[in-house]
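Reading through the C-alpha coordinates given below for one structure.
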Amino acid sequence: MLTTFESIKKNFKLKPQTVCIDNWIFRLHYRITTLIFLVATILVTSRQYIGEHIRCISDKGVPENVLNTFCFFTSTFTVVKQYDDKMVERAEVAHPGVGSYGFNSTEPIQRHAYYQWVPFVLFGQAIMFHLTHLMWKKFEGGRIRLLIEKLRYSSYSLLEKEIEIKGTKIPPKEQKEEFLKTIKRAFIERILINKSWGRWLVFCEFLNVLNVVLQIYITDMFLGGKFINLGIDAVNDGLEETVTVLDEVFPKVTKCSFYKYGPSGSIQIHDAMCVMALNIINEKIYIILWFWFIILFIVSSLAIIWRILTICLHSRSTKFNQIVFSTTSPGRLNPWNTLTVTQRCDFTDWLFLNYLAKNMDALVFKDLFIGLAEDLEENKKPLITLDSDEESGTLEKTHKYD
328 MLTTFESIKK
338 NFKLKPQTVC
348 IDNWIFRLHY
358 RITTLIFLVA
368 TILVTSRQYI
378 GEHIRCISDK
388 GVPENVLNTF
398 CFFTSTFTVV
408 KQYDDKMVER
418 AEVAHPGVGS
428 YGFNSTEPIQ
438 RHAYYQWVPF
448 VLFGQAIMFH
458 LTHLMWKKFE
468 GGRIRLLIEK
478 LRYSSYSLLE
488 KEIEIKGTKI
498 PPKEQKEEFL
508 KTIKRAFIER
518 ILINKSWGRW
528 LVFCEFLNVL
538 NVVLQIYITD
548 MFLGGKFINL
558 GIDAVNDGLE
568 ETVTVLDEVF
578 PKVTKCSFYK
588 YGPSGSIQIH
598 DAMCVMALNI
608 INEKIYIILW
618 FWFIILFIVS
628 SLAIIWRILT
638 ICLHSRSTKF
648 NQIVFSTTSP
658 GRLNPWNTLT
668 VTQRCDFTDW
678 LFLNYLAKNM
688 DALVFKDLFI
698 GLAEDLEENK
708 KPLITLDSDE
718 ESGTLEKTHK
728 YD
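Heads up: the sequence shown begins at 328 in this note's numbering, then just goes up one per residue.
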(Lines of atoms letter the chains of each structure in order from A and count residues from 1; the text may use other names and numbers.)
(Lines give C-alpha, C1' and ligand atoms only; values in the text may rest on other atoms or scores of the structure.)
Protein backbone atom coordinates (compact mmCIF):
# COMPACT_ATOMS: atom_id res chain seq x y z
CA MET A 1 0.00 0.00 0.00
CA LEU A 2 2.86 2.34 0.81
CA THR A 3 4.32 1.64 -2.62
CA THR A 4 1.00 2.53 -4.21
CA PHE A 5 0.88 5.89 -2.41
CA GLU A 6 4.46 6.65 -3.33
CA SER A 7 3.65 6.11 -7.00
CA ILE A 8 0.53 8.30 -7.14
CA LYS A 9 1.54 11.19 -4.87
CA LYS A 10 3.88 12.57 -7.54
CA ASN A 11 0.89 13.27 -9.78
CA PHE A 12 -1.57 14.06 -7.02
CA LYS A 13 -2.61 17.71 -6.70
CA LEU A 14 -4.12 19.09 -3.50
CA LYS A 15 -6.73 21.76 -3.90
CA PRO A 16 -6.01 24.82 -1.71
CA GLN A 17 -8.74 25.46 0.83
CA THR A 18 -9.81 28.85 2.09
CA VAL A 19 -11.35 29.41 5.49
CA CYS A 20 -15.01 30.47 5.33
CA ILE A 21 -16.17 32.70 8.19
CA ASP A 22 -19.27 34.22 6.55
CA ASN A 23 -21.93 33.48 3.93
CA TRP A 24 -22.42 34.45 0.30
CA ILE A 25 -24.78 37.32 1.15
CA PHE A 26 -22.16 38.78 3.48
CA ARG A 27 -19.66 38.52 0.63
CA LEU A 28 -22.02 40.45 -1.67
CA HIS A 29 -21.43 43.44 0.60
CA TYR A 30 -17.66 43.48 1.00
CA ARG A 31 -16.63 41.90 -2.30
CA ILE A 32 -19.13 42.59 -5.08
CA THR A 33 -20.48 45.91 -3.80
CA THR A 34 -17.03 47.22 -2.89
CA LEU A 35 -15.80 46.20 -6.35
CA ILE A 36 -18.72 48.01 -8.02
CA PHE A 37 -17.93 51.21 -6.14
CA LEU A 38 -14.20 50.98 -6.86
CA VAL A 39 -14.79 50.43 -10.59
CA ALA A 40 -17.19 53.39 -10.62
CA THR A 41 -14.59 55.51 -8.80
CA ILE A 42 -11.93 54.65 -11.37
CA LEU A 43 -14.27 55.41 -14.28
CA VAL A 44 -15.26 58.81 -12.91
CA THR A 45 -11.73 59.73 -11.82
CA SER A 46 -10.20 58.83 -15.16
CA ARG A 47 -12.73 61.01 -16.95
CA GLN A 48 -12.77 63.85 -14.43
CA TYR A 49 -9.07 64.34 -13.78
CA ILE A 50 -7.47 62.79 -16.86
CA GLY A 51 -10.03 63.25 -19.64
CA GLU A 52 -12.33 66.13 -20.48
CA HIS A 53 -15.05 66.56 -17.87
CA ILE A 54 -16.60 69.93 -18.76
CA ARG A 55 -16.47 72.38 -21.66
CA CYS A 56 -18.11 75.80 -21.53
CA ILE A 57 -18.78 78.28 -24.32
CA SER A 58 -19.37 82.02 -23.98
CA ASP A 59 -18.43 85.23 -25.74
CA LYS A 60 -14.83 86.19 -26.40
CA GLY A 61 -14.47 88.09 -23.14
CA VAL A 62 -13.31 85.10 -21.07
CA PRO A 63 -10.63 82.54 -22.06
CA GLU A 64 -12.12 79.07 -22.48
CA ASN A 65 -9.75 77.35 -20.04
CA VAL A 66 -10.56 79.93 -17.34
CA LEU A 67 -14.29 79.49 -17.90
CA ASN A 68 -14.04 75.68 -17.80
CA THR A 69 -12.08 75.71 -14.54
CA PHE A 70 -14.34 78.29 -12.90
CA CYS A 71 -17.60 76.58 -13.82
CA PHE A 72 -16.35 73.15 -12.76
CA PHE A 73 -15.24 74.21 -9.29
CA THR A 74 -17.99 76.73 -8.49
CA SER A 75 -20.92 74.62 -9.81
CA THR A 76 -23.36 75.16 -12.66
CA PHE A 77 -27.14 75.51 -12.66
CA THR A 78 -30.31 74.91 -14.64
CA VAL A 79 -33.65 76.76 -14.59
CA VAL A 80 -36.37 74.59 -13.04
CA LYS A 81 -39.25 76.04 -15.10
CA GLN A 82 -37.44 75.22 -18.33
CA TYR A 83 -37.59 71.45 -17.76
CA ASP A 84 -40.62 71.29 -19.99
CA ASP A 85 -41.28 68.97 -22.93
CA LYS A 86 -43.27 71.55 -24.87
CA MET A 87 -40.65 74.29 -24.41
CA VAL A 88 -37.98 71.92 -25.75
CA GLU A 89 -40.15 70.79 -28.67
CA ARG A 90 -40.97 74.41 -29.61
CA ALA A 91 -37.27 75.29 -29.35
CA GLU A 92 -37.99 77.93 -26.72
CA VAL A 93 -34.98 76.66 -24.77
CA ALA A 94 -31.67 75.38 -26.08
CA HIS A 95 -31.70 72.31 -23.86
CA PRO A 96 -33.83 71.05 -20.94
CA GLY A 97 -33.33 73.57 -18.14
CA VAL A 98 -31.11 75.80 -20.27
CA GLY A 99 -32.67 78.99 -21.58
CA SER A 100 -32.63 82.72 -21.00
CA TYR A 101 -32.07 83.74 -17.40
CA GLY A 102 -31.73 87.40 -16.50
CA PHE A 103 -29.36 88.81 -13.92
CA ASN A 104 -32.22 89.92 -11.66
CA SER A 105 -34.47 86.97 -12.42
CA THR A 106 -36.36 85.43 -9.50
CA GLU A 107 -37.09 82.14 -11.25
CA PRO A 108 -36.03 79.12 -9.15
CA ILE A 109 -32.85 77.44 -10.27
CA GLN A 110 -31.28 74.11 -9.47
CA ARG A 111 -27.55 74.15 -8.74
CA HIS A 112 -25.38 71.17 -9.65
CA ALA A 113 -22.27 70.89 -7.50
CA TYR A 114 -22.24 67.16 -6.75
CA TYR A 115 -20.14 66.21 -9.78
CA GLN A 116 -17.00 67.61 -8.14
CA TRP A 117 -17.34 65.15 -5.27
CA VAL A 118 -18.59 62.01 -7.04
CA PRO A 119 -15.27 60.07 -6.98
CA PHE A 120 -14.65 60.89 -3.32
CA VAL A 121 -18.15 59.87 -2.25
CA LEU A 122 -18.00 56.64 -4.27
CA PHE A 123 -14.64 55.74 -2.77
CA GLY A 124 -15.89 56.51 0.74
CA GLN A 125 -18.91 54.27 0.19
CA ALA A 126 -16.63 51.47 -1.04
CA ILE A 127 -14.71 51.69 2.25
CA MET A 128 -17.92 51.64 4.29
CA PHE A 129 -19.11 48.45 2.60
CA HIS A 130 -15.78 46.80 3.36
CA LEU A 131 -15.69 48.07 6.93
CA THR A 132 -18.20 45.51 8.24
CA HIS A 133 -16.03 42.69 6.93
CA LEU A 134 -12.94 44.14 8.63
CA MET A 135 -14.89 44.44 11.88
CA TRP A 136 -16.03 40.83 11.65
CA LYS A 137 -12.50 39.58 10.92
CA LYS A 138 -11.27 41.45 13.98
CA PHE A 139 -14.00 40.03 16.22
CA GLU A 140 -13.69 36.52 14.75
CA GLY A 141 -10.00 36.50 15.63
CA GLY A 142 -9.06 33.58 13.39
CA ARG A 143 -10.74 31.01 15.65
CA ILE A 144 -12.09 28.85 12.84
CA ARG A 145 -8.70 28.83 11.12
CA LEU A 146 -6.93 27.92 14.37
CA LEU A 147 -9.23 24.97 14.91
CA ILE A 148 -9.20 23.47 11.43
CA GLU A 149 -5.67 24.38 10.30
CA LYS A 150 -4.21 20.98 11.13
CA LEU A 151 -7.26 19.17 9.76
CA ARG A 152 -7.12 20.85 6.36
CA TYR A 153 -5.90 17.74 4.53
CA SER A 154 -6.89 15.18 7.15
CA SER A 155 -9.42 13.59 4.81
CA TYR A 156 -6.38 12.16 2.98
CA SER A 157 -5.01 10.64 6.21
CA LEU A 158 -5.19 6.98 5.22
CA LEU A 159 -1.77 5.80 6.39
CA GLU A 160 -0.13 5.23 9.75
CA LYS A 161 2.70 7.63 8.96
CA GLU A 162 2.99 11.19 7.72
CA ILE A 163 3.47 11.68 3.99
CA GLU A 164 4.33 14.76 1.97
CA ILE A 165 2.75 15.66 -1.37
CA LYS A 166 4.39 18.54 -3.23
CA GLY A 167 5.46 20.26 -0.03
CA THR A 168 2.17 19.66 1.81
CA LYS A 169 2.25 17.33 4.80
CA ILE A 170 -0.60 14.86 5.23
CA PRO A 171 -0.95 13.86 8.90
CA PRO A 172 -1.14 10.18 9.87
CA LYS A 173 -4.43 8.64 10.99
CA GLU A 174 -3.47 8.70 14.66
CA GLN A 175 -2.62 12.40 14.55
CA LYS A 176 -5.92 13.15 12.80
CA GLU A 177 -7.76 11.45 15.65
CA GLU A 178 -5.84 13.58 18.15
CA PHE A 179 -6.78 16.76 16.28
CA LEU A 180 -10.44 15.74 16.27
CA LYS A 181 -10.26 14.97 19.98
CA THR A 182 -8.77 18.42 20.63
CA ILE A 183 -11.55 20.20 18.72
CA LYS A 184 -14.21 18.10 20.40
CA ARG A 185 -12.86 18.85 23.86
CA ALA A 186 -12.45 22.54 23.07
CA PHE A 187 -16.07 22.69 21.96
CA ILE A 188 -17.44 20.89 25.01
CA GLU A 189 -15.38 22.71 27.63
CA ARG A 190 -15.88 26.21 26.13
CA ILE A 191 -12.11 26.83 26.13
CA LEU A 192 -11.92 28.31 22.66
CA ILE A 193 -15.50 28.83 21.63
CA ASN A 194 -17.23 31.59 23.55
CA LYS A 195 -20.61 33.14 23.07
CA SER A 196 -19.26 36.35 21.62
CA TRP A 197 -18.34 34.66 18.30
CA GLY A 198 -21.91 34.02 17.21
CA ARG A 199 -23.19 37.28 18.64
CA TRP A 200 -20.66 39.33 16.70
CA LEU A 201 -21.52 37.49 13.47
CA VAL A 202 -25.24 38.18 13.90
CA PHE A 203 -24.47 41.79 14.83
CA CYS A 204 -22.39 42.27 11.66
CA GLU A 205 -25.17 40.72 9.55
CA PHE A 206 -27.63 43.24 10.99
CA LEU A 207 -25.03 45.94 10.42
CA ASN A 208 -24.90 45.04 6.71
CA VAL A 209 -28.62 45.77 6.34
CA LEU A 210 -28.33 49.04 8.25
CA ASN A 211 -25.36 50.03 6.10
CA VAL A 212 -27.38 49.54 2.89
CA VAL A 213 -30.11 51.80 4.27
CA LEU A 214 -27.48 54.35 5.34
CA GLN A 215 -25.84 54.36 1.89
CA ILE A 216 -29.20 54.87 0.19
CA TYR A 217 -29.84 57.84 2.48
CA ILE A 218 -26.35 59.29 1.89
CA THR A 219 -26.70 58.95 -1.89
CA ASP A 220 -30.15 60.53 -1.79
CA MET A 221 -28.84 63.51 0.19
CA PHE A 222 -25.85 63.78 -2.14
CA LEU A 223 -28.10 63.98 -5.22
CA GLY A 224 -30.44 66.51 -3.67
CA GLY A 225 -33.20 64.11 -2.66
CA LYS A 226 -33.61 62.67 -6.17
CA PHE A 227 -32.11 59.19 -5.65
CA ILE A 228 -34.88 57.40 -3.72
CA ASN A 229 -37.24 57.23 -6.73
CA LEU A 230 -34.57 57.49 -9.44
CA GLY A 231 -34.94 53.96 -10.81
CA ILE A 232 -38.75 53.99 -10.77
CA ASP A 233 -38.93 57.41 -12.42
CA ALA A 234 -36.37 56.44 -15.06
CA VAL A 235 -38.36 53.32 -15.97
CA ASN A 236 -41.62 55.28 -16.08
CA ASP A 237 -40.10 57.92 -18.35
CA GLY A 238 -39.11 55.28 -20.87
CA LEU A 239 -37.58 56.30 -24.19
CA GLU A 240 -40.38 58.50 -25.51
CA GLU A 241 -40.17 61.41 -23.06
CA THR A 242 -38.29 64.47 -24.28
CA VAL A 243 -37.30 65.54 -20.76
CA THR A 244 -36.62 62.71 -18.31
CA VAL A 245 -35.72 62.56 -14.65
CA LEU A 246 -32.14 61.79 -15.70
CA ASP A 247 -32.02 65.12 -17.54
CA GLU A 248 -32.98 66.85 -14.30
CA VAL A 249 -30.62 64.99 -11.99
CA PHE A 250 -27.74 64.58 -14.45
CA PRO A 251 -28.13 67.40 -17.00
CA LYS A 252 -25.89 67.10 -20.05
CA VAL A 253 -25.92 70.87 -20.67
CA THR A 254 -26.03 73.50 -17.90
CA LYS A 255 -25.59 77.23 -17.42
CA CYS A 256 -22.83 79.13 -15.66
CA SER A 257 -22.43 82.84 -14.88
CA PHE A 258 -18.95 84.38 -14.80
CA TYR A 259 -18.48 87.83 -13.26
CA LYS A 260 -15.53 90.11 -13.97
CA TYR A 261 -14.62 93.79 -14.03
CA GLY A 262 -14.89 95.67 -17.32
CA PRO A 263 -12.63 98.50 -18.58
CA SER A 264 -14.63 101.14 -16.69
CA GLY A 265 -14.59 99.16 -13.43
CA SER A 266 -18.18 97.99 -13.69
CA ILE A 267 -19.11 94.33 -13.22
CA GLN A 268 -19.67 92.39 -16.43
CA ILE A 269 -21.72 89.19 -16.51
CA HIS A 270 -20.77 86.46 -18.96
CA ASP A 271 -23.48 83.86 -19.42
CA ALA A 272 -21.94 80.51 -20.41
CA MET A 273 -23.39 77.20 -21.54
CA CYS A 274 -21.49 74.13 -20.33
CA VAL A 275 -21.46 70.62 -21.76
CA MET A 276 -21.28 68.13 -18.86
CA ALA A 277 -19.72 65.10 -20.52
CA LEU A 278 -19.13 63.48 -17.14
CA ASN A 279 -22.85 63.19 -16.46
CA ILE A 280 -23.18 60.58 -19.20
CA ILE A 281 -21.15 58.27 -16.95
CA ASN A 282 -22.66 59.50 -13.69
CA GLU A 283 -26.23 58.71 -14.69
CA LYS A 284 -25.30 55.14 -15.68
CA ILE A 285 -23.43 54.61 -12.42
CA TYR A 286 -26.27 55.80 -10.20
CA ILE A 287 -28.96 53.91 -12.10
CA ILE A 288 -26.93 50.71 -11.63
CA LEU A 289 -26.41 51.56 -7.95
CA TRP A 290 -30.14 52.14 -7.46
CA PHE A 291 -31.06 48.68 -8.71
CA TRP A 292 -28.12 47.08 -6.91
CA PHE A 293 -29.10 48.68 -3.60
CA ILE A 294 -32.63 47.30 -4.00
CA ILE A 295 -31.32 43.78 -4.71
CA LEU A 296 -28.82 43.99 -1.86
CA PHE A 297 -31.41 45.21 0.61
CA ILE A 298 -33.85 42.43 -0.30
CA VAL A 299 -31.34 39.57 -0.05
CA SER A 300 -29.82 41.02 3.14
CA SER A 301 -33.27 41.27 4.70
CA LEU A 302 -33.95 37.66 3.72
CA ALA A 303 -30.66 36.72 5.39
CA ILE A 304 -31.84 38.36 8.61
CA ILE A 305 -35.14 36.47 8.41
CA TRP A 306 -33.17 33.25 7.92
CA ARG A 307 -30.99 34.08 10.91
CA ILE A 308 -34.07 34.62 13.07
CA LEU A 309 -35.40 31.24 11.91
CA THR A 310 -32.14 29.53 12.86
CA ILE A 311 -32.27 31.13 16.30
CA CYS A 312 -35.82 29.83 16.79
CA LEU A 313 -35.42 26.34 15.26
CA HIS A 314 -31.83 25.26 15.96
CA SER A 315 -32.78 23.39 19.15
CA ARG A 316 -36.38 22.52 18.29
CA SER A 317 -36.34 20.70 14.97
CA THR A 318 -34.13 17.71 14.19
CA LYS A 319 -35.27 17.78 10.56
CA PHE A 320 -34.27 21.44 10.28
CA ASN A 321 -30.80 20.67 11.63
CA GLN A 322 -30.34 17.74 9.27
CA ILE A 323 -31.21 19.97 6.31
CA VAL A 324 -28.86 22.75 7.46
CA PHE A 325 -25.90 20.47 8.13
CA SER A 326 -26.46 18.51 4.91
CA THR A 327 -26.14 21.74 2.89
CA THR A 328 -22.97 22.84 4.68
CA SER A 329 -21.39 19.38 4.88
CA PRO A 330 -22.73 16.80 2.38
CA GLY A 331 -23.72 13.52 3.97
CA ARG A 332 -26.48 12.29 6.23
CA LEU A 333 -26.04 12.60 9.98
CA ASN A 334 -27.61 10.19 12.43
CA PRO A 335 -30.88 11.76 13.72
CA TRP A 336 -30.14 10.72 17.31
CA ASN A 337 -26.66 12.27 17.15
CA THR A 338 -28.17 15.43 15.69
CA LEU A 339 -30.73 15.62 18.48
CA THR A 340 -28.11 14.98 21.17
CA VAL A 341 -25.72 17.68 19.94
CA THR A 342 -28.29 20.38 19.12
CA GLN A 343 -30.22 19.93 22.36
CA ARG A 344 -27.02 20.53 24.33
CA CYS A 345 -25.93 23.60 22.33
CA ASP A 346 -27.07 27.15 22.60
CA PHE A 347 -27.39 29.16 19.39
CA THR A 348 -23.82 30.51 19.36
CA ASP A 349 -22.37 27.00 19.73
CA TRP A 350 -24.71 25.70 17.03
CA LEU A 351 -23.67 28.50 14.68
CA PHE A 352 -19.98 27.87 15.33
CA LEU A 353 -20.48 24.15 14.70
CA ASN A 354 -22.22 24.99 11.43
CA TYR A 355 -19.19 27.00 10.29
CA LEU A 356 -16.88 24.18 11.33
CA ALA A 357 -18.92 21.97 9.00
CA LYS A 358 -18.42 24.47 6.16
CA ASN A 359 -14.65 24.37 6.58
CA MET A 360 -14.09 20.66 7.17
CA ASP A 361 -14.25 17.68 4.88
CA ALA A 362 -17.64 15.96 5.16
CA LEU A 363 -16.17 12.67 6.44
CA VAL A 364 -13.96 14.41 8.99
CA PHE A 365 -16.86 16.52 10.25
CA LYS A 366 -19.04 13.42 10.53
CA ASP A 367 -16.39 11.82 12.75
CA LEU A 368 -16.28 14.98 14.86
CA PHE A 369 -20.07 15.11 15.10
CA ILE A 370 -20.33 11.48 16.18
CA GLY A 371 -17.64 12.04 18.80
CA LEU A 372 -19.43 15.11 20.12
CA ALA A 373 -22.71 13.22 20.38
CA GLU A 374 -21.06 10.36 22.28
CA ASP A 375 -19.28 12.64 24.73
CA LEU A 376 -22.34 14.80 25.32
CA GLU A 377 -24.45 11.71 25.90
CA GLU A 378 -21.98 10.45 28.51
CA ASN A 379 -21.54 13.87 30.09
CA LYS A 380 -24.99 14.72 31.43
CA LYS A 381 -23.88 17.61 33.62
CA PRO A 382 -24.44 21.14 32.25
CA LEU A 383 -21.84 22.37 29.83
CA ILE A 384 -19.20 24.50 31.52
CA THR A 385 -19.57 28.20 30.82
CA LEU A 386 -16.38 30.10 31.49
CA ASP A 387 -16.26 33.76 32.35
CA SER A 388 -14.87 36.34 29.94
CA ASP A 389 -11.24 35.88 31.04
CA GLU A 390 -11.35 32.12 30.56
CA GLU A 391 -13.25 32.41 27.27
CA SER A 392 -10.24 34.10 25.72
CA GLY A 393 -8.20 30.90 26.03
CA THR A 394 -6.57 29.49 22.92
CA LEU A 395 -6.46 26.04 21.45
CA GLU A 396 -3.19 25.21 23.15
CA LYS A 397 -4.93 25.22 26.58
CA THR A 398 -6.89 22.12 25.61
CA HIS A 399 -3.81 19.93 25.84
CA LYS A 400 -4.04 19.76 29.63
CA TYR A 401 -7.16 17.60 29.22
CA ASP A 402 -5.46 15.02 27.00
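Beta carbons: idealized from backbone N, C-alpha and C, even for Gly.
What are the boundary residues of the beta strand (DSSP E) that includes A599?
-> 594–602
Distance, D688 Cα to R671 Cα | 23 Å
Could you tell me whether the segment 559–578 touches the segment 630–642, using the rule of 3 or more Cβ pairs below 8 Å?
-> no
Check whether T405 and T581 have beta carbons under 8 Å apart | yes
Rounded separation between W677 and G565 - CA only = 50 Å
Pairwise C-alpha distance: L623 and V539 | 7 Å
So R438 and S402 are in contact, right, with Cβ under 8 Å, and what is the actual spacing, rounded?
-> 5 Å
When DSSP builds the beta bridges, which residues end up paired with R382?
-> V602
Please check the pair G558 and F674, which I expect to be a contact at CB under 8 Å, by giving their CB distance rounded to whole angstroms.
-> In fact, because the Cβ distance is near 37 Å, the residues do not count as touching under 8 Å.
Measuring CB to CB, does L507 end up less than 8 Å from D694?
-> yes
The beta strand (DSSP E) spanning I436 covers which residue range?
-> 436–439
Counterpart residues of H422 in DSSP-defined beta bridges | V425
List the DSSP bridge partners of Y357.
-> The partner list for Y357 (beta bridge, DSSP) is empty, contrary to what the question assumes.
Name the residue from G469, E391, W444 whose alpha carbon lies nearest to the alpha carbon of D349.
-> G469
Between the segment 362–371 and the segment 606–617, are three or more C-beta pairs nearer than 8 Å?
-> yes
Bridge partners of Y586, per DSSP?
-> I596
Residues near A440 in its chain [Cβ-Cβ closer than 7 Å; skip 5 each side] = S402
Proximal residues to L550 (C-beta, below 8 Å), its chain only, five neighbours per side dropped | Y441, L557, V576, Y613
Could you name the residues of the same chain whose beta carbon sits closer than 7 Å to that of S628, not counting the 5 residues immediately before and after it, in chain order?
-> V536
Complete beta strand (DSSP E) runs within the segment 514–570 (minimum length 3 residues, chain order) = none
Hey, quick one: how far does the beta strand (DSSP E) through F404 stretch, first residue to last?
-> 403–406
I369 versus A700 - alpha carbon distance = 53 Å
Pair every Cβ in the segment 345–359 with every Cβ in the segment 447–462, then say whether three or more of these pairs are closer than 8 Å.
-> yes
Y586 versus F533 - alpha carbon distance = 52 Å
Per DSSP, which one or two residues make a beta bridge with V580?
-> V602
Taking buried to mean at least 16 other C-beta atoms within 10 Å of its own C-beta, is E379 buried or exposed?
-> exposed
G451 to R643 span [Cα, whole Å] | 43 Å
Using the C-alpha atoms, what's the distance from G589 back to A604?
-> 31 Å
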